Structures are given as structure tokens and as C-alpha cells.
Amino acid sequence: MKFDAKEIFSCKYLSKNIFQLPIILFVATVVLFPLIRIINKPHLYGSIEEETRECNIFFGHWATYHPKEPYYNNETCPHIIDQFNCIKFGRPDREFLKLRWKPYGCELPLFNATEFLRLVQGKSMAFVGDSMARNQMDSLICLLNTAGRLEDVTERYTSKADVFFRWWFSPGYNFTLTILWSPFLVKVTGADQRGRSFDGSMNLYLDDPNDAWASKIEDFDFLIFSTGQWFYRPLTFYENGHIVGGQQGGKFMKDLNLYGYKKAFQTSFKTIMNLKSFKGLTFLVTQSAKHFEHGEYNEGGNCNRTRPFTKEERQGYNYGELLEAMHDIQVDEFREAEKEARKKGLHFDLIDISDATSMRPDAHPDQYGLIYNKNVKVIDCVHWCLPGAIDTWNEFLFYKMKQAIHKTSTSI
1 MKFDAKEIFS
11 CKYLSKNIFQ
21 LPIILFVATV
31 VLFPLIRIIN
41 KPHLYGSIEE
51 ETRECNIFFG
61 HWATYHPKEP
71 YYNNETCPHI
81 IDQFNCIKFG
91 RPDREFLKLR
101 WKPYGCELPL
111 FNATEFLRLV
121 QGKSMAFVGD
131 SMARNQMDSL
141 ICLLNTAGRL
151 EDVTERYTSK
161 ADVFFRWWFS
171 PGYNFTLTIL
181 WSPFLVKVTG
191 ADQRGRSFDG
201 SMNLYLDDPN
211 DAWASKIEDF
221 DFLIFSTGQW
231 FYRPLTFYEN
241 GHIVGGQQGG
251 KFMKDLNLYG
261 YKKAFQTSFK
271 TIMNLKSFKG
281 LTFLVTQSAK
291 HFEHGEYNEG
301 GNCNRTRPFT
311 KEERQGYNYG
321 ELLEAMHDIQ
331 VDEFREAEKE
341 ARKKGLHFDL
351 IDISDATSMR
361 PDAHPDQYGL
371 IYNKNVKVID
381 CVHWCLPGAI
391 DTWNEFLFYK
401 MKQAIHKTST
411 SI
């Protein structure tokens with residue numbers, strides 16, 4: 001039976017058909033309205049929108065994960081340097097390899113080496129910073145090596161004996177990867193610019209970017225900045241050619257060094273935004289946690305735990321206050337810079353590893369790594385074993401790169 005819209009609400013069918021009206025409305029509500037929503041809903045399954053939908057991937061916990069094996073090991077990846085090669089140097093436990101970062105409310109996609117290489121095909125990427133940047137780059141090299149062979153082409157650019165500057169190339173994807181060593185990001189003078197001593201005094205010129213990276217990045221497609229560990233040292237700071245603060249008796253001065261840390265990021269972000277032809281994507285990796293217990297590196301300290309912190313243990317984390325202060329400086333300076341970068345058509349993004357790394361005292365080399373030579377034993381509770389927790393940083397990077405590239409392509 002057909003009804004005209006007017007007739008439904010007239011008295012013509014009131015006596016005979018009034019009981020059919022609720023049935024009609026019920027069918028429309030239950031069947032037609034959901035059908036309309038399905039028709040109009042974007043098809044997100046398996047799409048970039050679903051994989052990178054808005055979710056705080058940095059807020060989560062470490063959960064047991066049982067893959068057949070890690071992404072790689074020290075046999076499938078011949079590029080792991082001895083400093084991070086914990087398995088090679090006798091680490092007996094493997095539980096630290098069976099944990100994966102799980103964000104609350106969403107899933108962090110697994111790293112896909114083939115897809116990553118397709119994203120960067122014909123492009124170049126530079127890690128800029130200290131040995132944490134090198135640690136993450138080495139993780140990325142091993143992750144990518146599972147899908148595309150990377151060649152060490154350092155000799156094309158500098159001496160291969162120079163361990164602070166490395167260049168890699170993927171011939172199958174025409175992808176160039178490098179580390180530009182600059183632990184302070186700004187100009188530095190002093191006796192220990194290479195990091196062979198842990199407490200050497202240096203002078204930092206806070207308004208002058210370090211030429212080691214500033215003169216080389218303009219043509220890069222991806223920049224990943226990661227630094228902070230060197231700001232624990234005794235430092236003297238200059239602005240406009242004049243001393244604005246310095247050490248007292250060779251001691252680390254928290255407030256002063258945090259000021260220098262802040263100014264270094266201000267100068268670096270400003271330098272990037274003032275480059276005339278730079279159009280790449282810039283990522284800032286936040287400060288990584290260190291986990292010395294029972295003393296510092298030179299006081300018998302170690303990090304020999306075999307599991308992550310519990311909530312209670314984390315509350316007593318020795319470096320929590322300082323890590324939070326450095327993290328807050330990075331985030332604040334990043335937010336201000338990101339606003340200005342957006343006005344210039346540049347893309348800045350944040351990879352916030354601080355919370356995730358603070359929970360993993362079990363993932364450092366401790367005694368199972370070789371930093372200098374076999375006659376020098378150094379307990380390392382700063383860097384991270386490969387494979388291990390640091391591979392998560394590149395899962396974050398992969399996620400953020402896909403998100404940024406998608407936003408860039410849809411805004412054109």
C-alpha cells in the first residue's frame with residue numbers, strides 16, 4: 001500500500017491504517033537510516049586514515065608480545081655496532097625482546113620495511129644530534145635491511161674512520177641516509193667535541209647553529225633531530241659573543257644547562273625555518289631516559305634489570321625530574337616553532353619517546369656492549385640494545401611519516 005506524505009498525517013487513513021504507521025517508522029529507523037550511513041561513510045578499512053587516525057600513540061604501556069622472532073638479530077643485520085650489540089657480547093636473557101609498546105585506545109602498526117622504503121624512494125634522510133640519534137639510525141638501518149640492502153657509502157663523503165659521520169645508500173630505492181654529528185646543535189669549542197671524555201668542559205655559542213648540520217640539510221627530505229645527553233656536562237654559554245653563564249668547579253648546573261638546552265633548540269628551529277629552499281619534513285625526538293642505579297657510570301652504577309619498571313618502581317625513578325624538565329623544554333619549543341613553521345608551509349612533528357623509554361631500565365646494554373676496546377669496561381645505561389626497545393622509536397617515526405605525507409598530499 002502506498003501513502004502520500006500528506007495523507008499519512010491526514011485523517012483519511014486514521015481509522016483504518018493508523019496501526020501501520022509505527023511499523024513504517026520502525027522500518028525506516030532500523031533499516032534505512034543505518035543503510036544511508038553505510039553508503040555515506042568513508043571506506044577506511046586498510047587505508048592510511050585508519051592506520052594514522054588521531055590517537056596519542058605515545059601514551060601507553062609495554063605489553064608482552066610473542067612474534068616468531070624480533071624484526072632482526074645480530075646475524076641478519078651485520079651493521080649493528082659493538083656498542084649496541086648486546087647479544088653478541090653475552091647478554092643471557094631474551095625477555096626484553098618480547099615486549100611491544102601498546103598505546104591506550106589504538107594500535108601502533110608494525111614496522112613495514114618495504115612500505116617505508118617506498119615512502120622514501122628517491123629521497124634523503126638525516127639524523128641530526130648525538131649518539132642517541134646514531135642509536136636510532138642504526139636501528140632503522142637494521143629494520144630496512146630486511147627488505148632492501150643498504151650500502152655504507154661513507155667514503156664518498158668523508159673518511160670511513162670518522163665514526164661520527166656515516167652515510168648509507170639503498171640502490172634499489174635510491175634512498176640516502178646519514179647521521180650528522182652535532183650533540184649540542186649549536187657551535188661548540190673546547191677540548192672534547194668528539195665525546196671521548198664524559199666530563200670535558202666545552203663552550204657553547206647559543207645563537208650560532210653548528211655548521212656540521214646547518215650547512216648540509218637544505219636539500220634533505222626528512223630531518224630527525226635527537227639530542228640531549230651532552231647537556232649533563234659542565235658547559236659555558238655564550239650569546240652575542242659574551243658569556244651568559246658557566247660552570248663552577250666543573251659541576252653540572254641544572255638550571256643553567258637547561259637554559260642552554262632551551263636556547264639550542266630555539267636556534268635550531270629558527271635556522272631550519274630560515275632556509276630558503278628547504279621543504280622537507282622535520283621531526284624532533286624527545287629526550288631518552290637513562291637508568292643508572294646504585295651510582296653513576298663512574299660510581300659503580302648499573303642497569304641490570306631484566307624487566308620494565310612497575311608503576312611503583314617508576315615513581316622512584318632517579319632521573320624523573322630532570323627528564324621531565326628536559327622533555328618539557330623540548331615540547332614547549334617545538335610547539336612554538338611548529339606554529340611558525342606552519343605559516344611558512346613547513347611540516348614539523350614530534351616523536352615523544354620520553355614516557356615509553358622511562359619504563360625500560362631493562363633495555364640498555366649495561367655491561368653487554370663494547371664502547372671503546374676490550375680493555376676498557378664501561379657500563380652503558382644510556383644507549384639501547386639492538387634489537388630492542390629502540391626499534392619502537394622507528395615504529396613511531398614510520399607512523400608519523402605516513403601521517404605527515406598523507407596530510408601533505410591531501411592538502412595539495
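Quick note: the sequence shown uses the working numbering, first residue 1, plus one each step.
Cβ coordinates follow ideal geometry from the N, Cα and C atoms, glycine included.
Since this is a predicted model, take the numbers as computed values, not measurements.
Cβ pair residue i, residue j closer than 8 Å
| i | j | result |
| --- | --- | --- |
| L386 | D130 | no |
| F318 | I379 | Sequence inspection shows Asn at residue 318; the Phe mentioned does not correspond to that position. Their beta carbons are not under 8 Å apart, which means N318 does not touch I379 by this criterion. |
| T392 | A356 | yes |
| T176 | S226 | no |
| L381 | H406 | Leu is not the amino acid found at residue 381; the sequence shown has Cys there. Going by C-beta atoms, C381 is not nearer than 8 Å to H406. |
| T76 | L99 | no |
| L235 | Q247 | yes |
| E151 | F169 | yes |
| L119 | M401 | yes |
| K278 | E218 | The residue you asked about is not Lys; residue 278 is Phe in the sequence shown. Yes; because the gap between Cβ atoms is below 8 Å, this pair is in contact. |
| K254 | L204 | no |
| I224 | A133 | yes |
Coarse secondary structure for residue i, derived from DSSP in three states
| i | result |
| --- | --- |
| M253 | coil |
| V331 | helix |
| I23 | Annotation note: pLDDT 48 at I23 (below 50); position unreliable, no value reported. |
| I405 | helix |
| M273 | helix |
| P413 | No answer is possible for residue 413: the residues shown for the chain start at 1 and end at 412. |
| F292 | coil |
| A389 | coil |
| G300 | coil |
| F348 | strand |
| L110 | coil |
| F396 | helix |
| F175 | strand |
| G60 | strand |
| R342 | helix |
| S47 | Residue confidence is low: S47 scores 42 on pLDDT, short of 50, so the model does not pin down where it sits. No coordinate-derived value is stated. |
| L370 | coil |
Enclosing beta strand (DSSP E) for residue i [first to last residue]
| i | result |
| --- | --- |
| D207 | M202 to P209 |
| S226 | F222 to S226 |
| E239 | L235 to E239 |
| K311 | No beta strand (DSSP E) contains K311, which is instead part of the alpha helix (DSSP H) from K311 to Q315. |
| S124 | S124 to G129 |
| I243 | H242 to G245 |
| I379 | Run containing I379: none; DSSP gives neither H nor E here. |
| R100 | L99 to P103 |
| T282 | L281 to V285 |
| F169 | F165 to S170 |
Run of the alpha helix (DSSP H) containing residue i, from where it starts to where it stops
| i | result |
| --- | --- |
| K187 | Here K187 belongs to no alpha helix (DSSP H); instead the beta strand (DSSP E) covers V186 to G190. |
| T114 | A113 to L119 |
| A147 | Here A147 belongs to no alpha helix (DSSP H), and DSSP marks it neither H nor E. |
Same chain only: Cβ atoms within 7 Å of residue i, ignoring 5 sequence neighbours per side
| i | result |
| --- | --- |
| L206 | V186, F237, Y238, E239, G260, K263, A264 and T267 |
| V327 | Position check: residue 327 holds His in this sequence, whereas Val was assumed. Around H327: T286, Q287 and S354. |
| H79 | D138, I141, C142 and N145 |
| N135 | F84, H383, W384 and I390 |
| W213 | V128, L180 and S182 |
| D362 | F96, R305, T306, R307 and P308 |
| G369 | D82, Q83, F84, N85, C86, F89 and D380 |
| G300 | H294 |
| P70 | L97 and P387 |
| A325 | L258 |
| G105 | C55 |
Contacts around residue i, its chain only, beta-carbon distance under 6 Å, and the 5 residues preceding and following it disregarded
| i | result |
| --- | --- |
| L350 | L284 and F334 |
| F398 | F111 and F116 |
| K276 | none |
| G245 | F237 and L256 |
| Y173 | L117, Q121 and G148 |
Contacting residues, own chain, Cβ-Cβ under 8 Å from residue i (five flanking each side not counted)
| i | result |
| --- | --- |
| N210 | S182, F184, L185, V186, K187 and V188 |
| P103 | C55, N56, I57, F58, F59 and G60 |
| K216 | A126 and L180 |
| K270 | A337 |
Checklist entry - Does the segment 270 to 282 come close enough to the segment 338 to 346 to have 3 or more Cβ pairs within less than 8 Å? => result Contact between the segment 270 to 282 and the segment 338 to 346 is present, because at least three Cβ pairs lie under 8 Å.
Item to check | Three or more C-beta pairs below 8 Å linking the segment 102 to 113 and the segment 173 to 185 | outcome: The segment 102 to 113 makes no contact with the segment 173 to 185, as fewer than three CB pairs between them are under 8 Å.
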